[in-house]
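Residue 202 is where the sequence shown ends in the numbering used here, and the numbering goes up by one at each step. Yeah, the Cβ is synthetic: ideal placement off N, Cα and C, and Gly gets one too. A short write-up of the structure that comes next.
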Amino acid sequence: MAAADVLPLNAEITAPRHAPRFVVLTPALAEGLRLVNDMARRLRAADIRVESASPLDTIVLIATADADRFEELFSSKSRGVSWTTVGKHSRKSVYLGGVRVAWLVPAKEQGHD
Numbered sequence: 090m091a092a093a094d095v096l097p098l099n100a101e102i103t104a105p106r107h108a109p110r111f112v113v114l115t116p117a118l119a120e121g122l123r124l125v126n127d128m129a130r131r132l133r134a135a136d137i138r139v140e141s142a143s144p145l146d147t148i149v150l151i152a153t154a155d156a157d158r159f160e161e162l163f164s165s166k167s168r169g170v171s172w173t174t175v176g177k178h179s180r181k182s183v184y185l186g187g188v189r190v191a192w193l194v195p196a197k198e199q200g201h202d
């Protein structure tokens, strides 16, 4: 029986080159983690899918298919509605519970309603 090729694990192999070797949990990052995790729990309890979250930016991206449900349940509690359009999509977002909650919607073409 032939021996399997074994590749030893080390920092150069396992860590991407752009990733920092050390991460420091600062008070600001800890607060961002707390806020994002709390919001993600609230959203999941309301059957709203969380696509991604960034504790550094305190942003939670929800599934586009769940945006109507989110607006129905949380519109009276959210503030600061904003839209940013890039290409064929717009990112709509609101501020809720210390977190920016965002989702993508198809952008309307110029001159078409």
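Residues near residue i in its chain [Cβ-Cβ closer than 7 Å; skip 5 each side]
| i | result |
| --- | --- |
| E140 | L150, I151, A152 |
| Y184 | S167, R168, G169 |
| F163 | L185 |
Bounding residues of the alpha helix (DSSP H) (the contiguous stretch that carries residue i)
| i | result |
| --- | --- |
| G121 | 116-134 |
| L162 | 156-163 |
Counted within 10 angstroms of its Cβ, other Cβ atoms place residue i as buried (16 or more) or exposed
| i | result |
| --- | --- |
| W192 | buried |
| A100 | With a pLDDT of 43 at A100, under the threshold of 50, the predicted position of this residue should be treated as unreliable, and no value is reported. |
| G187 | exposed |
Other residues of its chain near residue i: CB distance less than 6 Å, five sequence neighbours each side excluded
| i | result |
| --- | --- |
| V194 | S179, K181 |
| L132 | V139 |
Segment limits, beta strand (DSSP E) that includes residue i
| i | result |
| --- | --- |
| R168 | 168-175 |
| R189 | 188-195 |
| I137 | Element bounds for I137: n/a, residue is neither H nor E. |
| L145 | Careful: L145 lies outside any beta strand (DSSP E) and carries neither H nor E. |
| V183 | 178-185 |
Short Cβ contact (8 Å threshold) for residue i with residue j
| i | j | result |
| --- | --- | --- |
| D157 | I137 | no |
| P144 | L122 | yes |
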